[in-house]
Ligand code: SF4
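Numbering (my numbering), first residue to last: 763 to 1157.
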């Protein structure tokens, strides 16, 4: 039930955390039916601690499994016939249909057996743009549609930090992505480790595009139109977590949806509901504790798992996040990031104010923004309380 450092938790190899074992389920394209998602939530309630998460990358996580409960949990999940739920898969925007470029890369990785050779966290995003683009998602290889049939190729970062190699048509971009994956499979390394000479060689023959205009980040909350024209209603899990009971109740309330799709930023897209049902479904989701307002502060706070879920945690990051959200914080065009140890998990992209627990206290920092006076006061006060508690604990 253990895993090597840096590997990703899966159904067959869950990861040890502070509140037991954690399993991750990533169905193809994040697509589930209400019935199947309810089946997962019921199994999580029976065999885990009843907490499920949808991560910032749109993966489903089940918390609080044990060595004894994992095998029957896995059996129940396999009986739901979800298809492949772990291993390498290209990540694509949630509004887009299956993308030929993504399918080509997935097929190549499967044919060559690269999944066993690539470092566990190697990732590829294929981003067709639109309202729910993938600029906030970091990846070893980023492919971004430029709207004229060509694709921009970036290495080792998110929309703001990737090293952009250049652009090519779909065939050229696909060939280059496969070549990069081949190199990563040979070395077991990450794209960020390429030398300047290797990066220069990978740019050869591409049209020179070295920047990517940053796009406004949209929360997966509200009405959306899928690329194929279907309507979708987006809701999100507060700080990425929800109880099994609430998720089952949601699935029952939207049993007429054709699909529930997992989306980045802890979202669920309820696809194919009749327009007149939207208000009623939003109300039901809100009552169950889901985020239904795109301006809700819960969407602008990234909290790590914290205590008690993570054994390294120095404080309960989700409780502090709830306190901040209740106070209407953050109150500016930036995210608040709360991390219960130096590792800094859940670091969001873009302008951010960080409160990070360190040995004997907390550090407050900001990137690309300045905290408002109200947020600064709140964080300094809470930081002092946490520091006093941490000193008491270590004393
Ligand atoms: S930042 Fe530290 S405490 Fe928080 S989830 Fe990561 S390892 Fe755990």
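For each residue, glycine too, the CB sits at the ideal point set by N, CA and C.
Contact between the stretch 1011–1023 and the stretch 824–839 is absent: fewer than three C-beta pairs spanning the two stretches fall below 8 angstroms. A Cβ-Cβ distance of about 20 angstroms is found for the pair residue 878 and residue 864, leaving them out of contact under the 8 angstroms criterion.
Residue range 984–987 is occupied by the beta strand (DSSP E) that includes residue 985. In this structure, residue 922 keeps its C-beta atom at 8 angstroms or more from the C-beta atom of residue 965.
If the five residues before and after residue 980 are omitted, its C-beta is found closer than 7 angstroms to the C-beta atoms of 893 and 894, all from its own chain and listed in chain order. Within the model, the alpha-carbon separation for residue 1043 versus residue 1054 is close to 10 angstroms. Judged by DSSP secondary structure, residue 1013 falls within the alpha helix (DSSP H) whose first and last residues are 1006–1015.
DSSP, read as helix, strand or coil, puts residue 999 in coil. In the structure shown, the three-state DSSP call for residue 1137 is helix. With a 10 Å radius around the Cβ and a threshold of 16 neighbouring Cβ atoms, residue 1049 comes out exposed. Residue 776 is positioned such that its CB atom lies no closer than 8 angstroms to that of residue 847.
By the criterion of a C-beta distance shorter than 6 angstroms, residue 782 is surrounded in its chain by 826, 827 and 828, once the five residues flanking it on both sides are discounted. Contact between the stretch 1028–1043 and the stretch 998–1009 is present: three or more C-beta pairs spanning the two stretches fall below 8 angstroms. The DSSP-derived three-state label of residue 903 is strand. Its chain contains 1065, 1066, 1068, 1100 and 1102 as the residues whose beta carbon lies nearer than 6 angstroms to that of residue 1079, once the 5 sequence neighbours on both sides are disregarded; these appear in chain order.
According to the DSSP assignment, residue 1057 belongs to no beta strand (DSSP E), since it is labelled neither H nor E. Contact annotation, residue 1037 with residue 1020: C-beta distance approximately 14 angstroms; criterion of less than 8 angstroms not satisfied. Proximity to residue 959 across 950, 932, 927 and 835 peaks at 927, based on C-alpha coordinates.
Residue environment analysis places residue 1145 among the buried positions, since at least 16 neighbouring C-beta atoms fall within 10 angstroms of its C-beta.
Restricting attention to 1143, 933, 1097 and 808, the CA atom closest to the CA of residue 837 is found in 808. Relative to residue 969, the option among 1022, 1084 and 934 whose CA is nearest is 934.
Secondary structure of residue 897 (DSSP, three-state): coil.
Put simply, the backbone Cα of residue 1097 is about 14 angstroms away from that of residue 1084.
According to DSSP, residue pairing for residue 813 in a beta bridge involves 1005.
Under DSSP, residue 1045 shares a beta bridge with no residue. Taking residue 1133 as the centre and dropping the five residues before and after it, the same chain places the C-beta of 1115 closer than 6 angstroms to its C-beta, in chain order. For residue 985, same chain residues with a beta-carbon under 7 angstroms away, outside a window of 5 residues either side, are 993, 995 and 1040 in chain order. Assigned with DSSP and collapsed to three states, residue 952 falls in coil, not helix or strand. In its chain, beyond the 5 residues on either side, 1096, 1112, 1113 and 1114 have a beta carbon closer than 8 angstroms to the beta carbon of residue 1130.
Annotation: the continuous alpha helix (DSSP H) that includes residue 1085 extends over 1079–1088.
Using a cutoff of 7 angstroms, the CB of residue 1075 counts as near ligand 1, since one of the ligand's heavy atoms is closer than that. Counting only residues of its own chain and dropping the five nearest sequence neighbours on each side, residue 988 has a CB closer than 7 angstroms to the CB of 857, 994 and 1033.
Relative to ligand 1, residue 1101 has its C-beta within less than 7 angstroms of a heavy atom.
According to the DSSP assignment, residue 1021 belongs to no alpha helix (DSSP H) but to the beta strand (DSSP E) extending over 1021–1025. In this structure, residue 779 sits near residue 1072, with a CB-CB distance shorter than 8 angstroms.
Residue 958 carries a helical assignment under DSSP once its states are collapsed to helix, strand and coil.
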